[in-house]
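Enquirer: In this text, residue positions in the sequence shown follow my numbering: the first is 23, and each later residue adds one. We treat Cβ as the ideally placed atom computed from N, Cα and C, and that holds for glycine. I'd like to ask some things about the structure below.
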Amino acid sequence: QFDCSVFDGHYVTGDITDEYLNRLEAERNDAKRVEKDADLAAEQVPLDLHNDDE
């Protein structure tokens, strides 16, 4: 049996539901990415890297 889910939405595993796909979409949408990026930016600490050998 071939997986043609990209074309017809029928997954060979049989356990992919609309609820699952909706949850993935909610986790991966642009608004969520912006939120995650803002959280990461707030957590970043500037590093003072330099070369003292010169």
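(1) Got a sec, what are the start and stop residues for the alpha helix (DSSP H) N44 sits in?
(2) Could you give the residue range of the alpha helix (DSSP H) that holds F29?
(3) My understanding is that K54 touches A48, with C-beta atoms under 8 Å, so please give their C-beta distance in whole angstroms.
Expert: The answer reads as follows:
(1) If you look at N44, you'll find it in the alpha helix (DSSP H) that goes D40 to R50.
(2) S27 to D30
(3) With a contact defined as Cβ atoms closer than 8 Å, K54 and A48 qualify at about 7 Å.
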